[in-house]
Structures are given as C-alpha cells and as structure tokens.
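Residue numbers (this note's numbering), protein chains in the order written: chain E, 215 to 810; chain B, 3 to 839.
Just so you know, even glycine gets a beta-carbon here, dropped at the ideal spot from N, CA and C.
This report refers to the structure that appears directly beneath it.
Structure follows, in structure tokens:
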C-alpha cells in the first residue's frame, strides 16, 4: 500500500483536512460494531487510498471489497456499502441483497453515500424494494488532497455530466467543498470566475454563504485571498495536446492513478515476470518534486548530471582517504540512490515512447493545429488516422483539438469524418459523436474561428523557448503556452478587466465578486506583479490563490502554475483544486459511450 | 445605624442566622390553602391550585364544578380550566422540571397540563394493574413519580419525558404503610429509583428488583423526607422524635425530641443545614445543635423546598426562609467590625459628608478587595432593591480605592441583579435567589419566560446577556400565529416579519411550517418566501402544495438533490403529460429527469421525448436498446434476435428522417442496419460467429484475413480506406506475395507509405526494401531507411532532401549503437535518446 501523500509543506493546513476525513470514516466504522465487510466502488477506492491506509481499515475489523455485479462472498453479517451517490451503482446493491434473500442469508446492510444522501439513488432502492433493509447514512468526503498543493473533488465525470447530460450536481458539490474550505480557512474575499459552470459555482457559493455564513469575525484574516474558477470548457485545447513535462508524460503513457503509476516490475529493474508494481508519484519523493514539472528533455539531462556527479564522488571515495564527515555526506547522497534508479528506469521507459516516430508525428500535428496553419494537412492526417484505425481516443483528441481551434468543421468535412469514424470504429460510436456534439467539442462550423485572435492576444505560441531555463509557461508544451494558465496569469495579475475583450470570445460568461467584510484588506485589482508588503500575511507567508478547474486539469497545467508561483515577483502561493486530474486521454474517454 | 434593623430580622439557630424576607403579598383573593390541593413548582415556578376533593369543604358562592387554577409565585392568575376528568379522585399533582403539571387520579391516569392550563395529549396510564387496584398515594420527585395502590403495590414512572411505567418489587405489605419517601435515581447506586416505605417499626427499601429491610429499631416512622442531595433522611417517629440519618441508615446524625405525639403536617429540608416541621399553627426549625427556632402562623402554609432554603406560601404572603449568607452576616451582624462592615459604614459616612469615611477606609486598606467582594456578594443575595443598591454603591466606592480588583465582577453582578429583579417583579412572579438562578441557568429561565408568554422580557434578557435570540423570536412568532386566527394573512405577515428580521439566520421555514399546521397555508407560503436556506424552504413548499415554486427555488439553489426531491414529488402527484409540461419548462429538472429515466425508466423517457417532439432522442434510445439486445448474453450471435435488433434500428432511422434535421444520423442508422444484415449473412456462409457488431473496417479486414477477397470487395464501401485495410490485413497474415501483387495492381492512391509501414511494423526489412525506393518524398525515404537501420541509405536520402535538421536527427539515432564499456557509461547511455522537437 502506497503511503499517503506528504502534506506538511502545504501552504494551508491540508493535513487537518485529511485527518478530519479519516476521522469521519473511522467513526462510521466504529459505530458499526464487530467484523464487517466494507464494499466500496472502484473509483472511490482510489480516492480513499489517499485518505486512509488500508491497514487502518483492517484494524477496525474491516474486510474490504470492491463493488461488483456478483454477490458478495463474506462471512461477515454486517455489510457496509460506501458508494458515490451514482444512480447506476444502486442496482448492484439491490441485486446483492436479493441474492442473499434468495439464499436465505441474513445480514445487516448499511449504505453510506459519498459525499451525501441522494434522493434519486434512494428512489431507485425504494423501487427495487430494498430501501427498508438498509440503514442509510452519509460520509461527507467532498475533496481529497492529492499533494501538498493539489486538491481533487474526485468528480471524474463532472465535465461530461455538465456538458452532455445537463446534470450540474458536480457544481453544487464543488461549491460545497469550497465552502467547507472556507469554514477552515476563512471566507475567500476575491472570487473570479470564467465559464458557465464557474460563474454558477461562484453564485452557489455566495448563496451558501448567505444560507450558512462562515463567521468571518472569529477567523481573522482569511488564509486564502483569491479564488479563481475556470471551466475546462473555456480551454479544451490544452488538455488535448500531449503533455511534455515529466509527470505529464508519465500520465500520457502510463496513466497516473491517484498519485501513483502501475508498471510491470521488469521496467523498474525487478526481475519478477508479469508482476505489477505501484510507484507512488508525489512530492514526498524529493527527486520527483524537483523534476516532475520540468520538460522531459531537461529531466533527462538533470538525471544524467546527477548520475555523473555521483560517479565522481564514488571515484574520489575509492582513491583518497576520507574523513568520517565526508564519508557521512557520501552515504547521505547514496540514500537518494533508490530514487535515482526509480526515475532513471521510468525515464528510460518513457523514452521508448517518446522516440517513436508516431509520437513525434502527433506532436508535430498538434503544433500545426494549434498554430492554425495548413487546415488541409491536419484534415488529411486525421483522416489517415481513422483509416488506419488508430486507437479511437487518439483520433478523438486530435479531432477535438481540430474542431475547437476551428470553432467547428465545415459541414462537408464534419459529416465525412464522422462517417469515416463510424465505419472504422463501429456504429455504436454514434452516441459518442452525439455526446461530443452536445458538448460542443466536435461540431459543425457556424461562425468564423477566433482562435487566431486569441492565440495572438494571449501569446499562446512562444517561439524559441529554452526548455532548460524557461522564462515562460510555454515550456510545458515546448512552445505552446496553455490558454487556461494564461488566463490564470491574467486573473492573478490584474483581474479580468484588461482582457475582457478576449474573454468574450471564449465560451461562457465571466464574473468577479468581492465577498466578506474585508473591504479594508488590500484589493489587488490595482496591484502589479510586484509583491506589495501589505499583501503578505503577517507571519511572512505569501497569500494564497486557489485555482479551481471545473472539468479537470492536466499535470502539465499544474506544472505551469507551479512555475508561475516560483517566479520572482510573484506575490502568491497557488493551490489547485480540480474535479479530477485528467489527461486528454481520460477526458476524451468520458465521452465514449459504452454500448449497452 | 441602618444595619441594626437588618440584623434584627434574623433568628439565630445555634451559630447560624436565618432570615425570612417576604417575597410577595399574594395577588389572589379568597384563596384558602387548607381547602385546596396545592402544587408549587420549585425555582420560583408557578402554583397550581384545585379544590381538594378528599376533604369536605363548604362551598360558598362558587360552582360545584372544580376548577384547576394556575398562578405565578406572586399569586397572579395565569390560567384556569374546569376539571372534569373521569377516573376518580385526584391523588396527587406536581410540576415536572420542564414546568408541566402532572395530575394523577385514582385509576392511574396521568393528565398533563402546561402553564396555560392546556391539556397536553396524550394522557399517560400507569398500567392495567394500577387501573384495577386504584392508586391511593404518590410521591413525586424532579421528573418522576412513585404510586402506591390499594393492594400496596408500588408503580413508578422514572421519567415523564419518556413515560414508561414500571412496577417495583412487591413489598408484601399487610397494611397500608405509614409513610413513603423516594431517593432519586441520580443518587442511588443502581441508577434506579429507590422507595423508602415506613411500615410497623422499620423501613423497607423497595427497588425494581428487590426489597430490603433497613432502619431496624427506629420505631414506627410517621413521616420522612430525603434531603436534596439524597444522602440524608429526616424521620419523624411515633414518639415525637425527629431523627436525621444517612439514607443507608448507617448512622444517626442527630436526634431531637419534639414533644409532640402528633406528626407534623409537613416535613421539609431547609437547604442542607436544618429541617422544618410544620404543625397547624407552628413552624419549627431544627438544626443539629442548639435550640430550634419557632415561627407562629395563624394561617395554613405550604413549604416549598429550594436548593438554598424554603419558600413558605400562606394565604396572603410568600416568604423565603434561608440561612443568611456569610457576606451579609459580616456586614450587618450587630457590632461587626469586619472590613466589609466598615466599608459599608464608610459609604454611609461618605453620603453624610463625614470625614469618618476616610478613617474607615484607612482602617481596612489592606483587606479592601475582600470587603468589596463581600459587598458584591451580599448584594447578590439581597431581595430588596434599595439594599442591593446600597451594597453595590459600597462596593463601587471601595473599588475606586483598590487597584487590583477584578472590575468586571461588579458589572457582572449588576447584570445578574437586573435580570433577577426583572423576573422577581410580581407581574412575572419568579422569585429566584441568585443561587437558584445559577442552578436554573439563564437559558432555561428564558425558556420558562417564553413558555409563560413573557416574550418581550425573554427577548430583552437574552439580548442583555448576549444570548441567541432565535429561540425567543421563533417561539413568539409561532405563538403569535396560533393566537391570531382573526388577523388577515398580509397584516400578520408584516407583524411577523418585523420581528423575525431582528434575528439573522432564523428559520422562516420553521415558522411557516407552524403556520401551515395551524391551517394558514397562504401565510405559510408568504413566510417561506423569506427563508434563505433552500434545503429548508423547498421541502416545506412541497408540503404546502407549492410545487412550482418549489421547483423554481430548487433549481435556483443549484442543489440537484433538492431538484430531484421536487421532481419525484411532482411525478407522483401529477398526470404524466402535465408532469412533462412542468419539467420541460425547467432545463435542470428536465435534464435530471432524463438522466434518471435513462438509468431506470426507458419507456417513460420515450413518452417524454414523444410528448415534447424530440423524435431524434427517441431514435437514439431505440438505437441504444438495439445494442443492449446485442449484448444480451441470452442471445447468442447469429440468432433470430438480430431480426428485432434491425427492426429497432430501422425504427430509429425512420424517426431520424421524420425530424428532417438528422440526415446524417438517419443515413448512419440505415448503413448500420445494412451492415448487420450483411454480417449476419457472412456468419451464415462462413459458419463463424465473428462478424456481428464489428465495424465496417473490421469486417473487411476479417474477410481478407480469411482469404475471402470477394466478400471483402462486397463489403468495402470506400476506396481509400480499402488500401490501408488491405495492406494491414495482408501484413497481419504475413502474405507478402499477395501484398506485392496488390502494390502492383495499380498505382495506390495513397502512395507506398502504407506498404512500408506495414512491413516495418511486421519487422520484415526485406519486404520493406521493396517499397521504400518507391516513396516519392526523400524525407520519408530517409526516415524509413533509418527505421530499418540502414544508415548509409538514410543519409543519402536525407542529403537528397537537403535537410540538415533531419540529418542531425538521424545521426543522433545512430549514436545509440556505440557500445558502452563501464557500468556507469551504460547508465548514461541509457539516457542518451533523442529529445523531442
């Protein structure tokens, strides 16, 4: 079991947040005496692994199971379901209970909804006639700290639900989560939102404050100064591009799941045939913390340098007599050897992907699309991908990128590509296409594209970027500065006002609200990027900006934010809130309709 | 000196002073306590009076019907009601801790009244046995009661808040006991009530599960009473002795011979220090040492034990008998020279502009703080307002001369006294001493004021003490609604809002819900409009039938769970079409309904789409269902189920066509149906169930792989696709001859790149070499050579392309081949891959 992420360096007290969630879960378990079988759904299991160690669960007499259609095999007479409040999970419960009844097994059933009870889910249970057999409760887990500067609301379907199904439950959830943060850290005085969902979340947040006010008088100066809410919808270009930071690439090729990646043991140099091992990836690993946000090219160099210097030390060690303290230093360095090996192995494994011509070709194409040159070349490339039946997700990523930058495709091409897609991948993807169209990601062109204007105004394409010593966030995509982060940069620096014209060309409304009784605290509307002393919290810490991405954020974007935060003259620490950490891959996948 | 008169009112019992200030002249008229059963609530609570039906009394100009009357402690009439309960005589009545009057009648029924003489339903029954045996006597304590029946059985209700009558162990008595007393559950070892029963010459201790004989040899006990802390017991024996023993009878604390054969009518503890015995005209106060104090009364009295004394109620006055507090003694004791007394004296001199004031102060300089403290404390214990004032002035005067005194102490006592004086006013009639007030706590006091409808005072007090006013305002609003049946909704709303506004965060929904329960639905609707918390507002709106507003509010709140709540409510309540109309107008509700129905109620969803004319959505649903049919494990492939599947798809197609806007979808559905048929045929002819549900491309590929080129040709619908597919399919089965033949059929429209890629992917360099020279772009040629490791050819092609960057990149590619020697170099070399653009 992987360790919980190390949170002690977090700019706000995230440990207390995690401890609280841990305590709440333990309380639930304690209140149900004796041995019990805890059934959780797969995705929740991932989130819980960041909250509590499984050994701790075992201490409380828990037998852990994942929710599956098959009846539960256990000797326990008490079964606790801990599930996200999702309609489709309910039928499993009813089928389990009915199967138990048929077999004459008597059990006590408890159902805890995460994060709260749901009328709709309970309605299903009522219709299945099992509701009265369940003791229903809730486990208010609204967010999970992924790392010392990343909070996830664990809503992997939020984007799809909002955009395709019109189900905005996620927005209430996000507002509630932020409101809960405010109970710990004070009312956030500045809120800036861009995008339909973001503005809505800001509204809900305000009404929550009106309904159940955080008593700002007791809290002193709020720890979080500004909240920036950003819809993924505003920038669908960035996630569709291949991430080129170290962590981003690991995610692209190996899929990071809840802060760790699962690999064949052989890759990590362990000779165990067919065995998988889990490699934790978070800031507890000092070397990883140092290199995670670097462009992969640079990571290779850094690792090489480190290895060289280590070899140097080693050579000196064998030749000359050393003092004890020198030996001690050397041994200390040796301690970092496992981390070195881990990342060298990982980097080497990644390079087998990055050196493939197909990958280089794709990168090339992404840049061509982003630069909005040569429409025809892009079109033909995608067409060819479809004909070659390359993995559907890869095709969709480029297709979305292509459609979004062109504000849709001309009807002829739109229909043609869609048909080709259906022919290559099967007609069941009609539903997928329909989803994409509803979400506006793949659509008929109805107006002229303003991508060029946006690109120019926000300087999204930066030539001659030095990835080793970057001076701009564009290094994360080797030349493309993520639109989302450019907006955040603006929002932090000067608010929305100076870029209102550009904002209007991006999807959704925007808003800027001042809240709480802190009119006396320095407004940083007028602040330049230079740190004003008044803006610093008294104890010398920098004030804090919470950037929330509704619909997911990629590792590359997080890296770009960390880069921003580390810049000289930056007066703020940044923490990221997101519905889920995504990649183009996982994001596109949510739109693919599983037939049946 | 003024202080002389103060001390003159005191009585000395051994070394302790007692005083008996008059609290009230009773406001009532013509009340004779001896004719009535009286129940007085402790802690300054109300007094309930009803004519005693066990005594023969003469009726004057009054009705034969008995009336239950409730007064406050000052004898101010609060309420009355006619007593006409069946069930025989009223055996006993008492007030519970929450100021409910409980009355027990002979048949074991317990009637409960609030302070307004409203009967609180439901009545409690002591049980069938009690009913049959009939109750004779009962003893109350805080929140419980023990009854004894004619058959000498004991029954108990341990807690009126949760009335569950239980029977205690059978004491096997032959005759009716002489007396009874109760040790409250909180003071017993078992946590259950213990009843002391005086029989013959001993006492029985009766519990739920056993009896025990105690106090042997004490002799027949006529009367007994347990002290407030449950540790001591006062007994009056048949030979006129008063005994105080510990409740476990292990030791006798003291004994006093009263020289009266007649047992006292009332026996009560005064605090913990002395015992009061009351006979017809005399009140005797007995302490452990010294001579008892006698008070003579020429009218009947009732003793009301309190935590720090006893209130004495007679027909005309109420008094409070208490030990004089030490601080008061130190100031007012005749000839006292304590610092506090000197300070008090100093103020007197100061007021008379006498220089002796300063002299006094000098005398007590060092102990000034304790003098101030004593004055403050004494003021707190005082009932007389002018004496409070004098004492406080003395404290304040002394305080100015001492630097290190806690200044808020004075402020605090002033606050407390203001509250006490306010509630002691005879209109309110709650004569609390400061100690009782501390026991009661301010919030309970406010609660009592509310219950007696003294809302304004309650509000002022909670405001003054910085307590939450919500409770008061909420209660006021609800009471106002109940009491204002004749005020029109709009006017009442104004009145209510005016007050509700005083308190931020108050639950308008709770008030509205009360209005609704009182049949004021319209008022409820108006009130709930003001509720800011949607999770309170919406359910209430539903309960008062305002579904549309509820739906609007729920949608606005953004809380989807609330929207679902309303949705299901309306769904259940309204006919389908009306329901559809309602949600169609609300996008969020509509979308949530669709999500829910998609998961569990397809048919109803189709009805919805049809009703709103969204034919394409019906079509999508049908199409999806066709897939579900295909995935049904019951339906093996190639089964007749494909018939219904195709039918569903065709139905979907015709619906798409009908919308006139979904040509693409319609065409796709048509093709899908066609493909399924074709695949079905293929499965029949090849006898292999591998075609259905694969895409067109996959179908073609499968055909080629199977060598069935004719079928493949039949399936292919499009030219370009054909090349990619055929090349890859041939490479898959490694049919290189066929591939070469295919390349020569005619010049491929997509060039030779697919051929090269297929060969390289299959790791067939030789085959690839056949096609690489045919590539038209030298860059592509160079890269292809490089990929199969032919450096020289690659370099040549690259130089042909005149592309320096490409050359450099290729060079890097080949740099990898150099062998590495040392371990470390290997390490480094593993990293020397090429970077990305």
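- Taken through DSSP and simplified to helix, strand or coil, residue 710 of chain E comes out as coil.
- 301 and 302: these are the residues of the stretch 285 to 319 of chain E whose beta carbon lies less than 7 Å from some beta carbon of chain B, given in chain order.
- Annotated as distal: residue 607 of chain E and residue 438 of chain E, with beta-carbon spacing of 9 Å or more.
- Rounded to the nearest angstrom, the gap between the Cα atoms of residue 245 of chain E and residue 276 of chain E is 12 Å.
- Contacts with chain B (Cβ-Cβ distance below 8 Å) from the stretch 382 to 400 of chain E involve 382, 383, 385, 386 and 389, listed in chain order.
- The beta-carbon distance between residue 484 of chain B and residue 456 of chain B, rounded to whole angstroms, is 16 Å. This is too long to meet the 8 Å contact definition.
- Residues of chain E whose Cβ lies closer than 7 Å to the Cβ of residue 566 of chain B are, in chain order, 333 and 334.
- In this structure the stretch 701 to 710 of chain E does not touch the stretch 582 to 600 of chain E; the number of beta carbon pairs closer than 8 Å is below three.
- Relative to the Cα of residue 656 of chain B, the nearest Cα in the group B:617, B:598, B:197 and B:223 belongs to B:617.
- Interface annotation for the stretch 689 to 712 of chain B against chain E: 695, 696, 697, 698, 699 and 700, criterion Cβ-Cβ distance under 8 Å.
- Within the DSSP bridge table, the entry for residue 243 of chain B names B:259 as partners.
- According to DSSP, residue 322 of chain E shares a beta bridge with E:292.
- For residue 272 of chain B, the enclosing beta strand (DSSP E) covers residues 268 to 272.
- Taking 9 Å as the cut-off, the beta carbon of residue 349 of chain B is found no closer than this to the beta carbon of residue 291 of chain B.
- Closer than 9 Å to the CB of residue 562 of chain B there is at least one CB belonging to chain E.
- Shown here for residue 491 of chain B: same chain residues with a beta carbon closer than 8 Å to its own, the five before and five after excluded, namely 522, 524, 525 and 528 in chain order.
- Closer than 9 Å to the CB of residue 314 of chain B there is not a single CB belonging to chain E.
- Shown here for residue 607 of chain B: same chain residues with a beta carbon closer than 7 Å to its own, the five before and five after excluded, namely 596, 599, 600 and 623 in chain order.
- Between the stretch 790 to 801 of chain E and the stretch 340 to 358 of chain B there are fewer than three inter-stretch CB-CB distances shorter than 8 Å, so the stretches are not counted as touching.
- When DSSP states are grouped into helix, strand and coil, residue 677 of chain E belongs to the coil group.
- Residue-level contact check: residue 407 of chain E does not touch chain B, since none of the beta carbons of chain B fall below 9 Å from its beta carbon.
- The C-beta distance from residue 294 of chain E to residue 729 of chain E rounds to 39 Å, too long to meet the 8 Å contact threshold.
- Under the criterion of beta carbons closer than 8 Å, residue 676 of chain E and residue 695 of chain E qualify as touching, at roughly 6 Å.
- About 6 Å separates the beta carbons of residue 224 of chain B and residue 181 of chain B, which is inside the 8 Å limit, making them a contact pair.
- What residue 418 of chain E touches in chain B, judged by beta-carbon distance under 9 Å, is 559, 560 and 561, going in chain order.
- Taken in chain order, the unbroken stretches of beta strand (DSSP E) that lie wholly in the stretch 132 to 169 of chain B and span 3 residues or more are 137 to 143, 146 to 151 and 156 to 159.
- Looking only at B:748, B:738 and B:749, the smallest Cα-Cα distance to residue 771 of chain B is reached by B:738.
- Under the 9 Å criterion on CB atoms, residue 427 of chain E is classed as interfacial with respect to chain B.
- Residue range 755 to 763 is occupied by the alpha helix (DSSP H) that includes residue 756 of chain B, with no beta strand (DSSP E) assigned at that position.
- Leaving aside the five residues that flank residue 59 of chain B on each side, the residues in its chain whose CB is nearer than 8 Å to its CB run, in chain order, 37 and 53.
- For residue 786 of chain E, the enclosing beta strand (DSSP E) covers residues 786 to 792.
- Residue environment for residue 300 of chain B: exposed (fewer than 16 other C-beta atoms within 10 angstroms of its C-beta).
- Legend: CB atoms of the stretch 602 to 615 of chain E lying less than 9 Å from CB atoms of chain B belong to residues 602 and 603.
- Only those residues of the stretch 598 to 617 of chain B whose C-beta falls short of 7 Å from the nearest C-beta of chain E are listed: 598, 601 and 602.
- Interface criterion not met: the Cβ of residue 491 of chain B is under 9 Å from no Cβ in chain E.
- Any Cβ of chain E closer than 9 Å to the Cβ of residue 670 of chain B would place that residue at the interface, and such an atom is present.
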